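Let me begin by presenting the structure, written as structure tokens, before commenting on it.
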């Protein structure tokens with residue numbers, strides 16, 4: 002495998018920076034030269050200073066280092082975190098990559114992603130939440146023993162939230178939103194916590210708690226508008242229309258039509274299919 006120093010050298014030269022420009026304040030130039038030649042490794046602290054001098058973060062460096070591809074672990078995480086809905090083809094890709102990766106690596110987070118992906122495919126293929134519970138419980142059994150949850154933990158829980166009993170899901174969501182205050186200065190922190198509300202709406206609908214679902218969906222919809230997350234906005238409009246019909250609210254059909262109009266304008270056939278599936282599952286015709 003290519004040494005990190007080789008990639009650092011390539012980036013440095015492409016920017017027309019001298020070794021002194023990059024190494025200054027991090028380590029002696031002689032040591033830096035050895036690093037570029039692959040003869041020594043650097044501590045995390047020194048390596049971070051080098052990347053700062055190159056105006057680059059670690060994620061981008063690793064992407065460039067692997068010839069502008071994600072390393073396998075990062076690719077699995079990227080595919081998992083960028084799913085808007087349950088997409089079987091993407092889940093199968095995640096499962097294949099994760100299974101191969103785990104044959105040579107012990108990695109709890111990738112194991113969790115593998116369990117969730119298998120559970121989500123069961124939901125999609127069988128149309129039932131029950132078979133997926135065994136996979137969700139594997140993650141929950143581990144996370145509920147932790148004293149503190151971090152962003153990766155919240156991501157896992159948000160995805161499987163609708164598999165929990167509604168009282169548990171409400172408690173988890175409340176806890177997650179309280180913890181989100183710690184991340185107010187973190188990049189795009191709201192995007193990481195909105196899924197709790199988004200998925201809780203689905204669970205409240207499933208439990209026929211329609212007044213609560215309508216109120217939470219309204220709140221979620223406004224936050225999604227701030228984030229300009231058009232796919233989730235469309236689903237939230239659809240849910241607003243469906244719940245509104247059940248509660249005999251006026252203009253409910255308008256919101257269902259608006260959901261499909263968003264998908265049409267964005268030319269997103271996958272979103273249209275997702276909307277049709279959720280709409281049909283409630284016996285409503287747009």
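In my numbering, the protein residues as written are 2 to 287.
Glycine included, each C-beta is placed from N, C-alpha and C at the ideal position.
Keep in mind that this is a model prediction, so the values were computed, not measured.
Name the residue from the options whose alpha carbon lies nearest to the alpha carbon of residue i.
i           : options            : result
residue 128 : 144, 160, 87, 113  : 87
residue 5   : 70, 163, 19, 65    : 65
residue 23  : 76, 49, 45         : 49
residue 281 : 113, 34, 240       : 240
residue 82  : 63, 155, 276       : 155
residue 232 : 213, 270, 208, 245 : 270
residue 12  : 41, 43, 26, 55     : 55
residue 259 : 249, 242, 21       : 242
Which residues in the same chain have their Cβ closer than 6 Å to the Cβ of residue i, if we skip the five residues on either side of it in sequence?
i           : result
residue 166 : none
residue 251 : none
Could you spell out where the alpha helix (DSSP H) holding residue i opens and where it closes?
i           : result
residue 145 : Here residue 145 belongs to no alpha helix (DSSP H), and DSSP marks it neither H nor E.
residue 245 : 231-247
residue 88  : Neither: residue 88 is in no alpha helix (DSSP H) and is coded neither H nor E.
residue 196 : 190-207
residue 70  : No alpha helix (DSSP H) contains residue 70, which DSSP labels as neither H nor E.
residue 161 : Note, residue 161: premise wrong, no alpha helix (DSSP H); not H, not E.
For residue i, count neighbouring Cβ atoms within 10 angstroms of its own Cβ and tell me buried if that reaches 16, exposed if not.
i           : result
residue 72  : exposed
residue 115 : buried
residue 286 : Bear in mind that the predicted position of residue 286 carries a pLDDT of just 38, short of 50, making it too unreliable to give a figure here.
residue 218 : buried
residue 276 : buried
residue 33  : buried
residue 31  : exposed
residue 197 : buried
residue 2   : exposed
residue 21  : exposed
residue 113 : buried
Given residue i, which residues of its chain have a CB within under 8 Å of its CB, disregarding the five upstream and five downstream residues?
i           : result
residue 234 : 222, 225, 226, 263
Comparing the CB of residue i with every heavy atom of the ligand MN, is any distance shorter than 7 Å?
i          : result
residue 23 : Of ligands this structure carries none, so the ligand MN is not represented either.
Under 8 Å, do residue i and residue j count as touching if we go by C-beta distance?
i           : j           : result
residue 152 : residue 200 : no
residue 28  : residue 16  : no
residue 164 : residue 137 : yes
residue 52  : residue 36  : no
residue 183 : residue 228 : no
residue 305 : residue 98  : Here the chain comprises residues numbered 2 to 287, so residue 305 is not present and cannot be evaluated.
residue 119 : residue 96  : yes
With a CB to CB cut of under 7 Å and the five nearest residues on each side skipped, what residues in its chain are close to residue i?
i          : result
residue 94 : 80
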